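**Q** In my numbering, the protein residues as written are 122 to 548.
Just so you know, even glycine gets a beta-carbon here, dropped at the ideal spot from N, CA and C.
All values derive from a computational prediction rather than experimental measurement.
Dropping a structure here in structure tokens format, bear with me for questions.
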Amino acid sequence: MKRALSVLSALALATTACSGGGGNVPGTGDGRGPVTVRWSTWGSAEDVKLYEKFTEDFQRRHPGIRLKLESVAKYEDYHPKLLTQLTSRTAPDVFFVGDDNIGKFVSAGVLTPLGDKLAGPDSKSRPEDFFDGVYGGAKRDGTVYAVPNDTNPEVLWFDKKALKDAGITEDPAALNEAGQWTMPKYLDMNAKLKAAGKAGSIFWNWYGSTYSMINGFGGKVWDGGKFVATTDPKAREALRTLADGYRDKTFLSADTLPDSNGPSTQFLKHKAGFYAGGRWVIDSLRKGGELDDYDIVPFPSPTGAPMPGAVAASYLALNKDTKLPKEAFTFLTEFVGKEGQLLRLKDGGAVPSVKGAEQVVLADGYPKHARTFLDVRDTGFANYPEEVAVPGLTAAINEHLMKVWSGKVGFDQGMTELQQLVQSKLG
Numbered sequence: 122m123k124r125a126l127s128v129l130s131a132l133a134l135a136t137t138a139c140s141g142g143g144g145n146v147p148g149t150g151d152g153r154g155p156v157t158v159r160w161s162t163w164g165s166a167e168d169v170k171l172y173e174k175f176t177e178d179f180q181r182r183h184p185g186i187r188l189k190l191e192s193v194a195k196y197e198d199y200h201p202k203l204l205t206q207l208t209s210r211t212a213p214d215v216f217f218v219g220d221d222n223i224g225k226f227v228s229a230g231v232l233t234p235l236g237d238k239l240a241g242p243d244s245k246s247r248p249e250d251f252f253d254g255v256y257g258g259a260k261r262d263g264t265v266y267a268v269p270n271d272t273n274p275e276v277l278w279f280d281k282k283a284l285k286d287a288g289i290t291e292d293p294a295a296l297n298e299a300g301q302w303t304m305p306k307y308l309d310m311n312a313k314l315k316a317a318g319k320a321g322s323i324f325w326n327w328y329g330s331t332y333s334m335i336n337g338f339g340g341k342v343w344d345g346g347k348f349v350a351t352t353d354p355k356a357r358e359a360l361r362t363l364a365d366g367y368r369d370k371t372f373l374s375a376d377t378l379p380d381s382n383g384p385s386t387q388f389l390k391h392k393a394g395f396y397a398g399g400r401w402v403i404d405s406l407r408k409g410g411e412l413d414d415y416d417i418v419p420f421p422s423p424t425g426a427p428m429p430g431a432v433a434a435s436y437l438a439l440n441k442d443t444k445l446p447k448e449a450f451t452f453l454t455e456f457v458g459k460e461g462q463l464l465r466l467k468d469g470g471a472v473p474s475v476k477g478a479e480q481v482v483l484a485d486g487y488p489k490h491a492r493t494f495l496d497v498r499d500t501g502f503a504n505y506p507e508e509v510a511v512p513g514l515t516a517a518i519n520e521h522l523m524k525v526w527s528g529k530v531g532f533d534q535g536m537t538e539l540q541q542l543v544q545s546k547l548g
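Below, the structure is given as structure tokens:
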């Protein structure tokens, strides 16, 4: 943490110095050949392969621009490396930033404000083409500093066979369509699944699941710039319900399951009724499941009325010190634009962040209620700007909550310590 803060301080100072970043190959941009735009992201070899079609298409249409992808396999290694590159002026021209890290990059002043560029004549992606809630920490005081390149709305996948085995006759998606998908209904189903010897729900320990549950109880996480999840009565009730559910195995933490019997395996073997995740779950179902056994529903609300859900997002940003601002922006705006997302996400497990590319999600009609992904995206929220503005805060909250979920810290003590933890980082 101390190292991250020192790096950020150096970054803030660097923005006042002379421009020198970009690191492009010598001789580019001077009329002697195509220029090379460097860009970076994280992901496996399989993930990176999804960008090949876009790269081929882009370079065919822009023969004067070459694209050089510099990927990092592990997410946890990506941002520290990028911070170091920004400090040493060797960072790529364009780069991905995760939703839990975007705030510190905005604060460091190392990103090019994009509002005027996105609204300008060379843009293929207008500011209004993206849903306001998904901007999250990438927008501050009305200024856009990065653009959501794609999303993954957090929904509840449910196993029809597991529900039937537990004596549950109501269909969650049908209840949702009827405006009757409530938190009490959901918790009752979880109790019946537990009584039948199954897990009720499997959650990953991240803000998407935790904050969606808090919303489902009608609680608040942040209010007026203050962290209130431990003091708001309904939020605290949601957190206590999670803690109790983890303790009696009604809920399982995907983070702690063994590789040999992980969340996907348990879900495919009908050992759990619900599995919280995004569109990426489809891949594991296609590889080992009976597709008709599964469907999706949003997280429930107190009354059954639709409510904002959590949306995982990543962002594409423009290095403030790039030597190729025009070419780099051309790449950025086409990458996040409608045609770019249609091309990139056709075979992937994400949901477009831009309006007009919905056919990526709806084309094959799976799951049956695939439109739920779009409904959650359209009205949902990326991680709260107040939270992502503080380096390491989201990770610290998740780490502390895991101590509560695992029973290492009692609930009341855990809530007191969580509030103190957040206040110390805010202070």
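Quick one: Cα of Lys355 to Cα of Phe338, how far?
**A** Start at 1 with the first residue of the sequence shown, and residue 355 comes out as number 234. Start at 1 with the first residue of the sequence shown, and residue 338 comes out as number 217. So the two alpha carbons sit approximately 6 Å from each other.
**Q** How is Gly528 classed by DSSP in three states: helix, strand or coil?
**A** Indexing the sequence shown from 1 puts residue 528 at position 407. Coil.
**Q** If you check the beta carbons only, do Ala397 and Glu275 fall under 8 Å apart?
**A** Position 276 of the sequence shown holds residue 397. Position 154 of the sequence shown holds residue 275. Yes, the pair counts as a contact, with Cβ atoms nearer than the cut-off.
**Q** Going by C-alpha to C-alpha distance, which of Phe456, Pro419, Lys390, Met428 sits closest to Glu411?
**A** The residue given as residue 411 occupies position 290 in the sequence shown. It is Lys390 whose Cα lies nearest to the Cα of Glu411.
**Q** Measure from the alpha carbon of Arg247 to the alpha carbon of each residue in Trp526, Val475, Ala491, Leu542, then state which is nearest.
**A** Position 126 of the sequence shown, counting from 1, holds the residue named residue 247. Of the listed residues, the one whose Cα sits closest to Arg247 is Val475.
**Q** Go to Asn326, then tell me how far its beta strand (DSSP E) extends in each direction, as first and last residue.
**A** Within the sequence shown, residue 326 is the residue found at index 205, counting from 1. Taken as a continuous stretch (DSSP letters only), Asn326 belongs to no beta strand (DSSP E), as it is neither H nor E.
**Q** Can you give the Cα-Cα distance for Asp250 and Ala316, rounded to whole angstroms?
**A** Within the sequence shown, residue 250 is the residue found at index 129, counting from 1. Within the sequence shown, residue 316 is the residue found at index 195, counting from 1. When rounded, the distance between both Cα atoms is 47 Å.
**Q** What does the alpha-carbon distance come out to for the pair Gln540 and Gly531?
**A** The residue given as residue 540 occupies position 419 in the sequence shown. The residue given as residue 531 occupies position 410 in the sequence shown. Gln540 and Gly531: Cα-Cα distance of roughly 14 Å.
**Q** Which word fits Gly329, buried or exposed, when buried means at least 16 other C-beta atoms lie within 10 angstroms of its C-beta?
**A** As a working mapping, residue 329 is identified with position 208 in the sequence shown. Gly329 should be labelled buried.
**Q** Along the chain, where does the alpha helix (DSSP H) containing Leu360 start, and where does it finish?
**A** Counting from one through the sequence shown, the residue named residue 360 turns up at place 239. Its alpha helix (DSSP H) spans residues 354 to 368.
**Q** Using the C-alpha atoms, what's the distance from Ala359 back to Asn519?
**A** Here the question's residue 519 lines up with position 398 in the sequence shown. Here the question's residue 359 lines up with position 238 in the sequence shown. Rounded to the nearest angstrom, the two C-alpha atoms are 15 Å apart.
**Q** Here's the rule: buried if 16 or more other CB atoms are within 10 angstroms of the residue's CB, otherwise exposed. What is Lys195?
**A** In the sequence shown, counting from the first residue as 1, residue 195 sits at position 74. Looking at its Cβ environment, which holds fewer than 16 other Cβ atoms inside 10 Å, Lys195 is exposed.
**Q** Have a look at Glu495 and Tyr199 and give me their C-alpha separation to the nearest angstrom.
**A** Within the sequence shown, residue 495 is the residue found at index 374, counting from 1. Within the sequence shown, residue 199 is the residue found at index 78, counting from 1. The amino acid at residue 495 is misidentified as Glu; the sequence shows Leu. In a straight line, the C-alpha of Leu495 is about 29 Å away from that of Tyr199.
**Q** For Lys341, count neighbouring Cβ atoms within 10 angstroms of its own Cβ and tell me buried if that reaches 16, exposed if not.
**A** Mapped onto the sequence shown, residue 341 falls at position 220. Lys341 comes out buried.
**Q** Does any residue of chain D have a CB that is nearer than 8 Å to the CB of Ala364?
**A** The structure shown contains no chain D; it is built from a single protein chain.
**Q** Just curious, the alpha helix (DSSP H) that Arg159 is in, first and last residue?
**A** For the purposes of this step, residue 159 is taken as the residue at position 38 of the sequence shown. From DSSP, Arg159 is part of no alpha helix (DSSP H) but of the beta strand (DSSP E) over 156 to 163.
**Q** Between the stretch 508 to 519 and the stretch 426 to 445, do at least 3 Cβ pairs fall closer than 8 Å?
**A** Taking 8 Å as the limit for Cβ pairs, the verdict is that the stretch 426 to 445 does not touch the stretch 508 to 519.
**Q** Could you please give me the residues that DSSP links to Val276 through a beta bridge?
**A** Numbered from 1 along the sequence shown, position 155 holds the residue referred to as residue 276. Looking at the DSSP assignment, Val276 forms a beta bridge with Gly398.
**Q** Just list the residues that DSSP pairs Asp309 with in beta bridges.
**A** Position 188 of the sequence shown, counted from the start, is the residue given in the question as residue 309. None; Asp309 has no bridge partner.
**Q** Just curious, the alpha helix (DSSP H) that Phe338 is in, first and last residue?
**A** Taking the sequence shown and counting its residues from 1, the one referred to as residue 338 is at position 217. Looking at the DSSP string, Phe338 is not in any alpha helix (DSSP H), and its letter there is neither H nor E.
**Q** If you follow the beta strand (DSSP E) that Ala434 is part of, which residue opens it and which one closes it?
**A** In the sequence shown, counting from the first residue as 1, residue 434 sits at position 313. Looking at the DSSP string, the run of the beta strand (DSSP E) that includes Ala434 is 432 to 439.
**Q** Do Pro234 and Thr264 count as a contact pair if the criterion is CB distance below 8 Å?
**A** As a working mapping, residue 264 is identified with position 143 in the sequence shown. As a working mapping, residue 234 is identified with position 113 in the sequence shown. It is a contact, given that the beta carbons lie within the stated cut-off.
**Q** Under a Cβ-count criterion, where at least 16 other Cβ atoms within 10 Å of its own Cβ denotes burial, should Pro293 be classed as buried or exposed?
**A** Locating residue 293 in the sequence shown gives position 172, where the first residue counts as 1. Label assigned to Pro293: buried.
**Q** Have a look at Ala431, Asp376, Pro269 and flag the residue whose alpha-carbon is nearest the alpha-carbon of Lys459.
**A** As a working note, residue 459 is residue 338 in the sequence shown. Considering only alpha carbons, the answer is Pro269.
**Q** Cα separation between Arg261 and Gly345?
**A** The residue labelled residue 261 in the question sits at position 140 within the sequence shown. The residue labelled residue 345 in the question sits at position 224 within the sequence shown. Going by the C-alpha atoms only, they are around 15 Å apart.
**Q** Would you decide whether Leu284 is buried or exposed? Buried here means 16 or more other CB atoms lie within 10 Å of its CB.
**A** Counting from 1 along the sequence shown, the entry for residue 284 is found at position 163. Leu284 should be labelled buried.
**Q** With a threshold of 8 Å on Cβ separation, who are the neighbours of Thr176 within its own chain once the five nearest residues in sequence on each side are excluded?
**A** The residue given as residue 176 occupies position 55 in the sequence shown. The answer, listed in chain order, is Leu188, Leu190.
**Q** So for Asp414, helix, strand or coil by DSSP?
**A** The residue labelled residue 414 in the question sits at position 293 within the sequence shown. Three-state DSSP puts Asp414 in a helix.
**Q** Considering only DSSP beta bridges, list what Glu191 is partnered with.
**A** Position 70 of the sequence shown, counted from the start, is the residue given in the question as residue 191. Ser161.
**Q** Given 8 Å as the limit, is there contact between the stretch 225 to 242 and the stretch 404 to 422, that is, 3 or more CB pairs closer than that?
**A** With the cut-off at 8 Å, the stretch 225 to 242 and the stretch 404 to 422 do not touch.
**Q** Return yes when the Cβ of Met536 is within less than 8 Å of the Cβ of Ser422, no when it is not.
**A** Numbered from 1 along the sequence shown, position 301 holds the residue referred to as residue 422. Numbered from 1 along the sequence shown, position 415 holds the residue referred to as residue 536. No, these two residues do not count as a Cβ contact at 8 Å.
**Q** Given this structure, state the Cα-to-Cα distance separating Val146 from Leu239, to the nearest angstrom.
**A** Position 25 of the sequence shown holds residue 146. Position 118 of the sequence shown holds residue 239. Only weak support is given to the placement of Val146: the predicted model assigns it a pLDDT of 40, under 50, and the value that follows is read from those uncertain coordinates. The straight-line gap from Cα to Cα measures roughly 27 Å.
**Q** Kindly give me the distance between the Cβ atoms of Gly321 and Phe395, rounded to whole angstroms, as I take these residues to be in contact under 8 Å.
**A** As a first step, residue 321 must be located in the sequence shown, where it is residue number 200. As a first step, residue 395 must be located in the sequence shown, where it is residue number 274. About 7 Å separates the two Cβ atoms, so the contact holds.
**Q** Give me whichever residues DSSP pairs with Val472 in a beta bridge.
**A** Residue numbering aside, residue 472 sits at position 351 when the sequence shown is read from its first letter. Answer by DSSP bridge pairing, in chain order: Thr272.
**Q** Using a Cβ-Cβ cut-off of 8 Å (strictly less than) and excluding sequence neighbours within five positions of Thr290, which residues of its own chain qualify?
**A** As a working note, residue 290 is residue 169 in the sequence shown. Excluding residues within five positions, none has a Cβ falling inside 8 Å.
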